[in-house]
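What follows is one structure encoded as structure tokens, with my remarks underneath.
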Amino acid sequence: MYIGLDLGTSGLKGVLIGEDQSVLAEATAPLTVQRPHEGWSEQAPSDWITAAETVFDRLSAKGLGKVRGIGLSGHMHGATLLDAGDEVLRPCILWNDTRAHVEAAELDADPKFRKLTGNIVFPGFTAPKLVWVRTHEPGIWDRVAKVLLPKDYLRYWLTGEHVGEMSDAAGTSWLDTARRDWSDELLSATGLSRGQMPRLVEGSEVSGTLRTALASRWGLPKGVVVAGGGGDNAASGVGVGVVRAGEAFVSLGTSGVLFAANDGYQPDPATAVHTFCHALPNTWHQMGVILAATDALNWYAGLVGADAATLTGELGTVQAPGKTLFLPYLGGERTPLNSASVRGAFIGLEHATDRQAATRAVLEGVTYAIRDSRDALAATGTSLRHLLAVGGGSRSDYWLKLIATALDCPVQLPVAGDFGGAFGAARLGLMAATGAGAEIATLPQIARVIEPDLSLKDAFDAGHTRFRAAQSAIKDLT
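First residue of the sequence shown? That's 4 in the numbering used here, and the numbers climb one at a time after it.
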């Protein structure tokens with residue numbers, strides 16, 4: 004057996020798989036985000052441990068005596084700061100925290116960051132957060148002995164080791180992404196050193212072994228290996244089998260991701276496309292990231308007092324976009340805007356805008372933002388023949404039809420099952436324990452393919468043009 008743990012923003016999920024990769028058990032534990040100031044987003048790392056204990060408690064009901072490996076996945080970019088005694092110094096500053104936008108712009112103005120990392124220094128990345136801490140919390144800065152990413156703090160709890168891996172490290176602005184190693188030059192530019200970083204392994208390699216006390220507590224054998232794992236999107240890529248060039252997926256989770264695997268390193272920072280190491284050796288990936296996908300739908304659902312499934316379920320068949328536009332920038336945007344300050348908007352509201360029209364506008368707005376990412380990927384030479392759909396939003400056929408039509412790209416829906424970060428992490432755990440490689444990260448069986456509605460293509464092309472015009476109009480107003 005093999006366990007995969009996926010530390011998400013809203014919860015921690017664990018899956019238990021067998022040797023044949025069938026899912027034997029799964030468990031979740033909820034997490035909450037604290038927002039003490041505008042633009043801030045934090046979690047207490049101790050809550051991650053509590054959630055992990057809950058997940059292990061529930062998985063152990065299946066019996067964990069045959070577990071050989073554990074893999075980890077988690078939300079990226081979070082700054083988890085430890086002192087010399089490995090005590091947490093402050094709440095983790097999360098991926099969607101934009102307080103360090105000034106510091107990010109200052110680092111991004113230094114050409115060596117884009118040159119070595121292959122990416123813009125986004126406000127949500129880890130390095131600008133540490134510069135913010137140095138300026139605003141000097142007492143904490145002086146005590147920082149280790150900087151860990153969120154899933155790597157879980158690893159520390161599991162193994163007692165300070166270890167990271169390349170896919171997650173690529174989102175810090177400290178990694179030389181081509182060389183797959185920390186850049187001493189970039190660390191020095193932010194007042195840090197290699198000694199304050201975890202050592203790096205590949206996602207499919209062994210990072211350590213499960214502590215004896217934890218193995219005894221939940222009935223695991225001695226010597227269970229913990230794989231390097233992956234950042235949430237890279238682990239999801241392993242989970243859905245997007246590990247070879249030409250394969251891609253769209254993830255409709257809290258954030259939205261358009262993810263394509265590459266067998267070479269082809270950065271283009273000016274597009275605001277993320278170019279990161281994949282969770283497997285000698286493999287990279289590109290992704291366009293929008294900060295609010297289902298997050299935007301859930302926000303709107305709260306506004307109108309209905310749940311998201313009810314709202315999407317009452318829409319019927321896809322129709323041409325109406326006059327009402329929604330821009331989903333509830334907390335800034337990554338691709339292609341790279342803006343921490345831009346905010347969302349409804350535009351073109353009229354008497355005819357009822358609840359269903361507004362719901363359609365929200366789904367269309369997120370879809371247009373995903374199309375922006377498709378265009379950004381295309382500018383780097385990456386083309387999409389088809390897309391696998393994953394994440395909670397993929398339960399909406401209406402939304403998937405929108406994406407297929409607006410991107411003019413067939414969307415493949417896997418058979419029922421979870422192929423996300425937790426499953427990908429379990430696959431990485433299997434690789435670490437057995438020495439297997441990318442060959443076991445097969446594509447899932449496809450239940451059905453949602454084709455573009457060619458009769459609506461022109462209407463959605465025009466809708467996207469209006470979306471881009473509205474984007475330009477509000478960019479400096481919000």
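All C-beta atoms, glycine included, are put in the ideal place defined by N, C-alpha and C.
Nearest neighbour of D400, chosen from A355, H104, R158 and A312 [CA to CA]: Closest in alpha carbon position to D400, among A355, H104, R158 and A312, is A312.
Strand pairing of S76, partner residues [DSSP]: S76 is bridged by DSSP to D9 and G233.
Per-residue DSSP class, three states only, for I123: Here I123 sits in coil by DSSP.
Option nearest L1 by Cα separation, candidates Y5, D86, A112 and T481: It is not possible to answer for residue 1, since the shown part of the chain is limited to 4 through 481.
Segment limits, alpha helix (DSSP H) that includes A146: For clarity, residue 146 is Arg in the given sequence; the question names Ala instead. Looking at the DSSP string, R146 is not in any alpha helix (DSSP H), and its letter there is neither H nor E.
Beta-bridge partners of A392, as assigned by DSSP: In DSSP, A392 forms a bridge with V253.
R146 to L84 span [Cα, whole Å]: A direct Cα-Cα distance of roughly 9 Å separates R146 from L84.
Range of the contiguous alpha helix (DSSP H) that encloses L157: Element bounds for L157: P153 to T162.
Three-state secondary structure assigned by DSSP to G240: Three-state DSSP puts G240 in a helix.
Residues that DSSP places opposite N265 in a beta bridge: DSSP, once it has assigned bridges, lists W287 as partnering N265.
Top-ranked residue by Cα proximity to A361, from A343, G325, T370 and R451: Per the Cα distances, G325.
Buried versus exposed call for P272 [16 or more other C-beta atoms within 10 Å across all chains shown]: Counting Cβ neighbours within 10 Å, P272 comes out buried, since at least 16 surround it.
For G351 and R430, the rounded distance between their alpha carbons: Straight-line Cα distance between these residues: approximately 47 Å.
Rounded C-alpha distance that separates T274 from L403: Here the alpha carbon of T274 sits roughly 25 Å from the alpha carbon of L403.
Chain-order list of residues whose beta-carbon lies under 6 Å from that of M434 (same chain, five-residue window excluded): Within the same chain, M434 has close Cβ partners S207.
For D357, three-class secondary structure by DSSP: Three-state result, D357: coil.
Given 8 Å, three or more beta-carbon pairs between the region 331 to 348 and the region 290 to 299: Touching, yes, given that three or more Cβ pairs across the two stretches are closer than 8 Å.
Selection from L328, G21, I52 and P141 that minimises the alpha carbon distance to K65: Closest by C-alpha distance to K65, out of L328, G21, I52 and P141, is G21.
For V166 and P201, believed in contact at Cβ under 8 Å, the rounded distance: Yes, they are in contact, since the Cβ atoms of P201 and V166 sit about 5 Å apart, within 8 Å.
Cβ distance (whole Å) where L67 is taken to contact W185 below 8 Å: Taking C-beta atoms under 8 Å as the contact rule, L67 and W185 fail to qualify, at a distance of about 34 Å.
Runs of beta strand (DSSP E) lying entirely within the region 58 to 105, each at least 3 residues, in chain order: The region 58 to 105 contains these whole beta strand (DSSP E) runs: 72 to 77 and 83 to 85.
Per-residue burial, S196 [other beta carbons within 10 Å of its own, 16 or more giving buried]: Looking at its Cβ environment, which holds fewer than 16 other Cβ atoms inside 10 Å, S196 is exposed.
Contact under 7 Å by Cβ, G81 with S239: No, Cβ-Cβ distance for G81 and S239 is not below 7 Å.
W98 vs G127 beta-carbon contact at 7 Å: Closer than 7 Å, so yes.
Validate contact between the region 260 to 271 and the region 315 to 323 using beta carbons, cut 8 Å, 3 pairs: Result no; under three Cβ-Cβ pairs closer than 8 Å.
Extent of the continuous beta strand (DSSP E) to which G14 belongs: That run of the beta strand (DSSP E) goes G14 to I20.
Closest Cα partner of K69 within the set L178, V227, R38 and T385: The alpha carbon of K69 has as its nearest neighbour, out of L178, V227, R38 and T385, the alpha carbon of V227.
Range of the contiguous alpha helix (DSSP H) that encloses I443: I443 -> no alpha helix (DSSP H), and no H or E assigned at all.
Reduced DSSP secondary structure (H/G/I, E/B, other) of D184: Residue state, collapsed to three classes: strand.
The beta strand (DSSP E) enclosing A348, as first and last residue numbers: Where A348 is concerned, the enclosing beta strand (DSSP E) starts and stops at A348 to I350.
Contact between the region 239 to 253 and the region 435 to 444 (3+ Cβ pairs under 8 Å): Touching, yes, given that three or more Cβ pairs across the two stretches are closer than 8 Å.
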